[in-house]
Amino acid sequence: MYVSGFSQDEMFEYFNCGIDHLIVIDHKKSSVENILQQLTQTYTSCFLLGTFTSINSSPIRNKSIHLPQQSRSRTVQLKNILFKYPKPCLTSNDNPIVTKDRMKQPIANDKTRCAVLISTNDTSLLSLLAYSTSTIECAFEIVLVLSTLASLSDIARVNELYPSVVTKVIQPKKYAARNYDLDQKIDDELQLHGCELVILDRYACRLSSSFIQAWRGRLLNIYPSLLPAFRHSTSPIRDALQAGVRITGVTVHFVAESDTDNDGPIIAQESIHVTPIENEVQLENRLRTLEQQLYPKAIDMVASGKIIYQGKKRMGKVNIAPTIASSAY
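Residue 1219 in the working numbering sits at position 290 of the sequence shown, with consecutive numbering throughout.
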């Protein structure tokens, strides 16, 4: 259906297997056969779809239930359906779902679905949302924001300005206490909402090697230095001032092997001059403004296919990014 020209929205709205109503019947109080006969007289068709079975029922209570014999069909699992079904259903009519003139038209919404992971305020989140919603030819959209902290002002602003974006809080301590893999929970949310790119924006939790491997080439991060300079530093801005550098900047890169090594292939960089009289706070504010300008453009290049992850080449002790398309900004 997708190849034939049906949009995703049309498939999700109409692909309900022809089921208009679902009725749950207590077989102890009502006869299933009688109810099916009564419904058949009123509706075009009705079928017995299945039965509920308790997984904790004891052998004494486990009695067989005699139900009308019907042929069984193979079950079909629809992934990522929850992020579409909350939308209001289209008005029913007798017209075809897709007219002949629309069959060869491109899919209406083919933007790359992105998730943003944050752990603090003053991120590029609002800038990413503003860019993706105001730029006509933007190739990505933010559909999910995951935060490790509750009550962040950035989350509150997203809920206020962009109500269609799903925001969730995933606290590491909560899942550690339950012996639950935090990265697995994040991955579940990403899969549920059909995310294709993962954007790290001041995300403080360590990512496991298995998570990085699973999302390699689709996992982006931004760092406040011109990598590879100060890539192992925990305070790159402070170290840049102490080193007396006159030029610094920000780098958007793929996360390749570790989220702390910052040695993945570089996507884009932007630089600024460091003045001798500015302090760490002033330089940090200028770099944050630079991040908010560069990050959306870099993500757009990856989402549009202008930059494709091809792994990482090594030359001696220096990590060299693969050949990629030139910057488009």
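C-beta: ideal position from N, C-alpha, C; glycine also. All of these numbers come straight from a predicted model, not from anything done at the bench.
Output the boundary residues of the beta strand (DSSP E) element that contains residue i.
{"i": "His-1226", "result": "Here residue 1226 turns out to be Lys, not His, going by the sequence shown. Unbroken run through Lys-1226 is the alpha helix (DSSP H), 1209–1232; no beta strand (DSSP E)."}
{"i": "Thr-1096", "result": "1095–1098"}
Which term fits residue i, buried or exposed, when burial requires 16 or more other beta carbons within 10 angstroms of its beta carbon?
{"i": "Ile-1036", "result": "Residue confidence is low: Ile-1036 scores 36 on pLDDT, short of 50, so the model does not pin down where it sits. No coordinate-derived value is stated."}
{"i": "Ala-1085", "result": "exposed"}
{"i": "Gln-999", "result": "Low confidence applies here, because Gln-999 scores a pLDDT of 45, under 50, leaving its location unreliable and the question unanswered by this model."}
{"i": "Arg-1003", "result": "The predicted model places Arg-1003 with a pLDDT of 42, which falls under 50 and marks its position as unreliable; any figure quoted below should be read in that light. When all chains shown are included, Arg-1003 counts as exposed."}
{"i": "Ile-1176", "result": "exposed"}
{"i": "Asp-1023", "result": "Any reading at Asp-1023 must be qualified, since the residue scores a pLDDT of 35, below 50, and its modelled position is unreliable; the value itself is stated next. The residue in question, Asp-1023, is exposed, as its Cβ has fewer than 16 Cβ neighbours within 10 Å."}
{"i": "His-1182", "result": "buried"}
{"i": "Glu-1066", "result": "exposed"}
{"i": "Tyr-1014", "result": "Because the pLDDT at Tyr-1014 is just 43, under 50, the model does not fix this residue reliably, and the point stays unresolved."}
{"i": "Val-1074", "result": "buried"}
{"i": "Gly-1234", "result": "exposed"}
{"i": "Ile-1141", "result": "buried"}
{"i": "Pro-1225", "result": "buried"}
{"i": "Gly-1178", "result": "buried"}
{"i": "Lys-1029", "result": "With a pLDDT of 31 at Lys-1029, under the threshold of 50, the modelled position of this residue cannot be trusted, and the question is left open."}
{"i": "Pro-1205", "result": "exposed"}
{"i": "Pro-1194", "result": "buried"}
From the DSSP secondary-structure annotation, give me the bridge partner or partners of residue i.
{"i": "Ser-1200", "result": "Gly-1178"}
{"i": "Ala-1044", "result": "Leu-1073, Val-1127"}
{"i": "Tyr-1238", "result": "Its beta-bridge partners do not exist; DSSP assigns none."}
{"i": "Gln-1150", "result": "As written in the sequence, residue 1150 is Asn, which differs from the Gln given in the question. His-1182."}
{"i": "Ile-1195", "result": "His-1182"}
Answer yes or no: do residue i and residue j have a C-beta to C-beta separation smaller than 8 Å?
{"i": "Cys-1134", "j": "Ala-1044", "result": "no"}
{"i": "Ser-1154", "j": "Thr-1180", "result": "yes"}
{"i": "Val-1184", "j": "Leu-1129", "result": "yes"}
{"i": "His-1122", "j": "Val-1095", "result": "yes"}
{"i": "Ile-1196", "j": "Val-1231", "result": "yes"}
{"i": "Glu-1213", "j": "Ile-1166", "result": "yes"}
{"i": "Lys-1040", "j": "Ala-1079", "result": "no"}
{"i": "Leu-965", "j": "Leu-978", "result": "no"}
{"i": "Ala-1158", "j": "Asp-1116", "result": "no"}
{"i": "Ser-1056", "j": "Glu-1070", "result": "no"}
{"i": "Pro-1101", "j": "Leu-1090", "result": "no"}
{"i": "Ile-952", "j": "Val-961", "result": "no"}
{"i": "Tyr-1104", "j": "Lys-1114", "result": "yes"}
Thinking C-alpha only, which one of the options is nearest residue i?
{"i": "Ser-1274", "options": "Tyr-1238, Lys-1226, Val-1127, Tyr-1060", "result": "Here the chain has residues from 930 to 1258 only, and residue 1274 is not among them."}
{"i": "Gly-1173", "options": "Ile-1236, Ser-1093, Glu-1207", "result": "Glu-1207"}
{"i": "Ile-1237", "options": "Arg-1147, Gln-1120, Phe-1159, Val-1094", "result": "Arg-1147"}
{"i": "Ser-974", "options": "Ala-1079, Tyr-1091, His-950", "result": "His-950"}
{"i": "Thr-1052", "options": "Gly-1240, Gly-1234, Glu-1220", "result": "Glu-1220"}
{"i": "Thr-980", "options": "Asn-963, Gln-970, Leu-965, His-956", "result": "His-956"}
{"i": "Asp-1083", "options": "Asn-1050, Val-1072, Pro-1194", "result": "Asn-1050"}
{"i": "Leu-1170", "options": "Pro-1225, Val-1203, Gln-966", "result": "Val-1203"}
{"i": "Ser-1137", "options": "Thr-1062, Val-953, Glu-1186", "result": "Glu-1186"}
{"i": "Arg-1131", "options": "Gly-1178, Ser-1048, Arg-1215, Pro-1225", "result": "Ser-1048"}
{"i": "Leu-1149", "options": "Gly-1178, Val-1098, Ile-1228", "result": "Ile-1228"}
{"i": "Arg-1160", "options": "Lys-1097, Asp-1192, Ser-1139", "result": "Asp-1192"}
{"i": "Asp-1168", "options": "Leu-968, Lys-958, Lys-1103, Val-1210", "result": "Val-1210"}
{"i": "Thr-1218", "options": "Asn-963, Gln-970, Leu-1054, Lys-958", "result": "Leu-1054"}
{"i": "Leu-1119", "options": "Tyr-1104, Val-1072, Ser-1164, Arg-1145", "result": "Val-1072"}
{"i": "Asp-1190", "options": "Arg-1215, Leu-1223, Leu-1156, Leu-1058", "result": "Leu-1156"}
{"i": "Leu-1046", "options": "Thr-1064, Pro-1092, Leu-1081", "result": "Leu-1081"}
{"i": "Gln-1222", "options": "Arg-1145, Arg-1042, Ala-1059", "result": "Ala-1059"}
{"i": "Gln-1239", "options": "Ser-1164, Arg-1145, Leu-1216", "result": "Arg-1145"}
So the alpha helix (DSSP H) residue i belongs to, where does it begin and stop?
{"i": "Leu-1081", "result": "Taken as a continuous stretch (DSSP letters only), Leu-1081 belongs to no alpha helix (DSSP H), as it is neither H nor E."}
{"i": "Tyr-1060", "result": "1054–1063"}
{"i": "Phe-1140", "result": "1138–1143"}
{"i": "Ala-1068", "result": "Note, Ala-1068: premise wrong, no alpha helix (DSSP H); not H, not E."}
{"i": "Ala-1172", "result": "1165–1172"}
{"i": "Lys-958", "result": "From DSSP, Lys-958 is part of no alpha helix (DSSP H); its letter is neither H nor E."}
{"i": "Ile-1115", "result": "1111–1121"}
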